[in-house]
Amino acid sequence: MELGKLTVKGTSVSGVSTCLIVMPYKVVLDIGTSSPEASRCRTVLITHAHIDHMAGAVSHAASRALAGESPSRFVCSPEVASHLERLLQLWKEIQGDFGYEVLRLAPGDDPLALGKGLSVRAVPTFHRIASQGYVLYETRRKLKPEYVGLQGAEIGALHQSGVTVMDQTEVPVLAFLGDTTPEALSHPEVQRAQTLITECTFVGGDVTDTYAREMGHTHLKELVPYLSGMAFKSLLLMHFSLRYSRKEVEATVTETLPEQVKQRTSVLFDDDSSVQKR
Numbered sequence: 001m002e003l004g005k006l007t008v009k010g011t012s013v014s015g016v017s018t019c020l021i022v023m024p025y026k027v028v029l030d031i032g033t034s035s036p037e038a039s040r041c042r043t044v045l046i047t048h049a050h051i052d053h054m055a056g057a058v059s060h061a062a063s064r065a066l067a068g069e070s071p072s073r074f075v076c077s078p079e080v081a082s083h084l085e086r087l088l089q090l091w092k093e094i095q096g097d098f099g100y101e102v103l104r105l106a107p108g109d110d111p112l113a114l115g116k117g118l119s120v121r122a123v124p125t126f127h128r129i130a131s132q133g134y135v136l137y138e139t140r141r142k143l144k145p146e147y148v149g150l151q152g153a154e155i156g157a158l159h160q161s162g163v164t165v166m167d168q169t170e171v172p173v174l175a176f177l178g179d180t181t182p183e184a185l186s187h188p189e190v191q192r193a194q195t196l197i198t199e200c201t202f203v204g205g206d207v208t209d210t211y212a213r214e215m216g217h218t219h220l221k222e223l224v225p226y227l228s229g230m231a232f233k234s235l236l237l238m239h240f241s242l243r244y245s246r247k248e249v250e251a252t253v254t255e256t257l258p259e260q261v262k263q264r265t266s267v268l269f270d271d272d273s274s275v276q277k278r
């Protein structure tokens, strides 16, 4: 499915699996299972260590090794990294050798460069266990205003003489929050993101927002105050509970979201073909 300039493919079902592939960045968001498309992407951002968000890590690393690809690169919090390294090491002993990298990144750390003008920063989220979300940034360069209008040769000469002719900015292109209560949406960098992917596990009146919070999840009705003031261009709601049918989710989202939010919103069910623009 298309979310602004991004293409997102994958699945997210509460308690089953979350694994999204984001193009053109070739970045995987959580790895509950590892599809062939996911295994072709080196970088995986892991929000937390629940099975439905991390169980596919071993398969991802082994599949890339089998295909002769560069080792999987897992980005996660220090707490998750310790668990993941033990898990991968155990499977190396069982399966045989395969390569991988586990990179620790925590909220407050400097952004981690992923290559080709792309970087990622961790942001706090609030779940039942240690968790975090991520904001992806594109590095964009623009000619300084004072040099606009100069010929290419003149700009080149200035650059060669050591003059900085370009301004460089980091643009937050995507925020992914994983499993969390809605307070995570308040983070300034999440607020600035052009595309937002966030969970919406519960939508119906059968579950209270208090229960949703106890489970470390978000209820649709609690999203509205946060989303109404945000400037994102595209929103993807995911991670719906299996207690709801697709029809129930679609109807409740349509009834609940304000029109100005609904126009920018898509919903994800069991696979990317189920995404519907509201």
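Sequential numbering from 1 applies to the sequence shown in this note's numbering.
Glycine included, every Cβ here is placed at the ideal spot set by N, Cα and C.
All values derive from a computational prediction rather than experimental measurement.
In chain order, 21, 26, 27, 28 place their CB closer than 7 Å to the CB of residue 41, counting only its own chain and leaving out the 5 sequence neighbours on each side. Residue 71 has its alpha-carbon roughly 5 Å from the corresponding atom of residue 99. Between the C-alpha atoms of residue 214 and residue 146 there is a straight-line separation of about 55 Å. Rounded to whole angstroms, the gap between the alpha carbons of residue 259 and residue 224 is 11 Å. Residue range 17 to 23 is occupied by the beta strand (DSSP E) that includes residue 21. Residue burial annotation: residue 46 is buried, with at least 16 other C-beta atoms found within 10 angstroms of its C-beta. In this chain, the beta strand (DSSP E) harbouring residue 113 covers 112 to 115. Two segments are said to touch when three or more pairs of C-beta atoms, one from each, lie closer than 8 Å; by this definition the region 183 to 199 does not touch the region 112 to 120. In this structure, residue 234 keeps its C-beta atom at 8 Å or more from the C-beta atom of residue 10.
One thing to note: residue 269 has its Cβ no nearer than 8 Å to the Cβ of residue 232. Here residue 8 is buried. Its C-beta has 16 or more other C-beta atoms within 10 Å. Among the bridge pairs identified by DSSP, residue 261 is matched with none. A direct Cα-Cα distance of roughly 24 Å separates residue 36 from residue 81. Counting of Cβ neighbours within 10 angstroms places residue 64 among the buried residues, the total reaching 16 or more. The Cβ-Cβ distance between residue 173 and residue 137 falls below 8 Å. In the three-state DSSP reduction, residue 51 falls in the helix class (H, G or I). When 160, 178, 221 are compared, the shortest CA-CA separation from residue 122 is found for 178.
Going by DSSP, residue 236 is part of the beta strand (DSSP E) stretching over 234 to 238. Rounded to the nearest whole angstrom, the CA to CA distance from residue 94 to residue 49 is 21 Å.
Comparing alpha carbon positions, the residue from 68, 52, 13 closest to residue 39 is 68.
Remark: C-beta atoms of residue 43 and residue 32 do not approach each other more closely than 8 Å. In the three-state reduction of the DSSP assignment, residue 58 falls in the helix class. According to the DSSP assignment, residue 162 belongs to no alpha helix (DSSP H), since it is labelled neither H nor E. Where residue 100 is concerned, the enclosing beta strand (DSSP E) starts and stops at 100 to 104. Here residue 244 has 203, 204 as same chain residues with Cβ atoms under 7 Å from its own Cβ, once five neighbours each way along the sequence are excluded. If you draw a straight line from the Cα of residue 148 to the Cα of residue 176, it comes to about 36 Å. Using a Cβ-Cβ distance cut-off of 8 Å, the region 122 to 133 and the region 148 to 163 are not in contact, since fewer than three pairs of beta carbons, one from each stretch, lie closer than that value.
Our two residues, residue 206 and residue 167, have alpha carbons roughly 52 Å apart in a direct line.
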